[in-house]
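Heads up: the sequence shown runs through residues -6 to 481, numbered per my numbering. Backbone N, C-alpha and C fix where the C-beta goes; we use that ideal spot for every residue, glycine too. Just so it is clear, the structure is predicted and the values come from calculations on it, not from any experiment.
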Amino acid sequence: MSVVPLSAFILKGIQFLKKKGYDRPMRELGYMASLAGILAMIAFTGASFFLFGVALFVGGVFLGVGGIAIPLLLALRGRMQYKATNLKTDSQRARVLQYKKNLRKVRKEHNLIHVVFYCDGGEFWNTFDALYHRLQKDARFRVSILAGPEMLHDNIVHYHACNFLESLGLPYIKGYIEEDKRWINLHEITADYVFYNRHYLSKQPKALSHIAAKQIGKTCYIPYATCSASGETQDTVCGFNELKHFDFVFTENEKLTEIYESYKHKCPGARTTIATVGSPKFEKIKMLSLASVDDSKKYKQIILYTPRWRFTEGTCSFFDLYEYFFELVQKHSDVYYIFRPHPLMQSEISINWGRKKWEDFQALFKQYPNCEIDTNASYDLSFTRATVLVSDLSSMMFEFIVTAKPVIYIHKKEVFNRFGSSVACGFYHCVNVDQVDSCLDALREGKDSLKEKREAVLKKEYLLSDGHSIDRIRDILIEDTALTCHVK
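This is how it looks when you write it as structure tokens:
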């Protein structure tokens, strides 16, 4: 029998004897047996009587000591439990004191919390933009941007991030020094927190990946795409296999937190903190919805079309609609059409169509004055200009609805998760071109039957997009720094 079960057995026995009140009779019987043993040793002669007296005396001593020990042992156990409770309380108190001490140390030494944002393309910068500017204005922080090239299986595809950041006037650190053909050593940066918005290792250079960044600081993840689908698509967006490499994941709401928590349980060794904070990206989109542009007066309807980039899942609507929109703008001069392909769509569609057919398709946009392809790094302007979004399973739907403008969803295959289904009830659902055409006609006539429903969805599902998500993230970083004091 092992030590732990034996000690537990003895403790239960002691508690039973005490509960039944046997400790007092044991003491009294022990006294009497001890006295009888002494008398037997004195009064009777002979070896057998003497040994009987010794046995009686020893047994009495054991009984007496046992009777005395039972209440003492139980009292001692209670005292130890009390001390353990006090130690726990003292530990918590010491933790709070250390927290305050660490904060004072950071302030006294002017040792700022260094946060680095990894940028490998302007298409995803909205995830960080509001947080970057907030931390930049906070005296407790130092912020940097690490610019990395877009990769595909260890090969550089492009290095557009540098041009994008320069267009915004944002300073950055080059992750790849083209002149020397070398990667920067991350240890030169000495970051406390490194933020990523994509988890795809095939798109990241090994030297700058979120795995490499764990060597210099804590890694944080704000998903570039809202996780609205289930199954294979959800696995692709959430990337649960990479979850263990992030110290923090910041989610938009409780439903999405539950999804990430479920992935965390499937990922052995993951100690990731999943924090529900809202979305900095959604808050910037809200600001875009308040802006106005000149062509909104020139055209009765401005359509933004953002199809899903993967064709293998059976959810993309591109092949159903690409001809329809050209017919629409040819028929209606007061309708403007913006086609915004996903950054990964060109390589995907070249496999299905071939490069020549894709180039011919792009050339069609030059034939009509009221349509264009939006290939800008940022989609801010398109979101501001558009009066309606048409999409299929693109996460753009879950961003565009924040503007409170109509969303037309091309339903091909039901793959929404619980969050996606809750928001999708505010979309116009269509299954073919004719239904899309009828829906656009109604909206041009000012018939927006789902307006109140969209507003209700925004209040319920986007509750934390209240302008304070960036403050919540900032406060988590401050608290974590104070508790661990890992600043350099």
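Around the beta carbon of residue 424, fewer than 16 other beta carbons sit within 10 angstroms, so the residue counts as exposed. Around residue 157, the same chain offers 115, 370 as residues with beta carbons nearer than 6 Å, after the five sequence neighbours per side are excluded. Residue 213 is bridged by DSSP to 188, 241. Distance check between residue 303 and each of 225, 293, 367 places 225 closest, using alpha-carbon atoms only. Closest by C-alpha distance to residue 420, out of 213, 193, 340, 403, is 403.
Under the DSSP assignment, residue 110 falls in the beta strand (DSSP E) whose first and last residues are 106 to 112. The beta carbons of residue 265 and residue 387 sit no closer together than 8 Å. Note that the C-beta distance between residue 391 and residue 202 is not below 8 Å. Per DSSP, reduced to three states, the secondary structure at residue 182 is coil, with no helix or strand assignment.
Scanning the stretch 129 to 189 from its first residue to its last, the whole alpha helix (DSSP H) runs of 4-plus residues come out as 153 to 160.
In the structure shown, the three-state DSSP call for residue 407 is coil. Separation of residue 145 and residue 435 (C-alpha to C-alpha, rounded to the nearest whole angstrom) is 43 Å. By the C-beta criterion, the stretch 443 to 450 is judged not to be in contact with the stretch 241 to 260, since fewer than 3 inter-stretch pairs fall below 8 Å. When the five nearest sequence neighbours on each side are left out, the beta carbons in the same chain lying within less than 6 Å of the beta carbon of residue 239 are those of 212, 214, 265, in order along the chain. For residue 340, the enclosing alpha helix (DSSP H) has its first and last residue at 338 to 345. Between residue 332 and residue 367, the CB-CB gap stays under 8 Å.
Per DSSP, reduced to three states, the secondary structure at residue 418 is coil, with no helix or strand assignment.
Buried is the label assigned to residue 475, since at least 16 other Cβ atoms lie within 10 Å of its Cβ.
Distance check between residue 427 and each of 376, 400, 329, 317 places 317 closest, using alpha-carbon atoms only.
For the 8 Å CB-CB criterion, residue 124 and residue 273 form a contact.
In the three-state DSSP reduction, residue 299 falls in the strand class (E or B). Residue 166 counts as exposed, since fewer than 16 other beta carbons sit within 10 angstroms of its beta carbon.
Residue pairing by DSSP puts residue 364 in a beta bridge opposite 330.
In the structure shown, residue 382 adopts extended strand secondary structure according to DSSP, grouped into three states.
Partner residues in the beta bridge of residue 400, as assigned by DSSP, are 382.
Per DSSP, the unbroken beta strand (DSSP E) holding residue 268 starts and ends at 266 to 269. One thing to note: residue 351 has its Cβ within 8 Å of the Cβ of residue 343. Put simply, the backbone Cα of residue 104 is about 13 Å away from that of residue 136. Residue 338 and residue 384 have their alpha carbons spaced roughly 14 Å apart. Between residue 163 and residue 206, the C-beta gap is not smaller than 8 Å, which leaves the two residues out of contact. Rounded to the nearest whole angstrom, the CA to CA distance from residue 472 to residue 177 is 30 Å. Taken through DSSP and simplified to helix, strand or coil, residue 197 comes out as coil.
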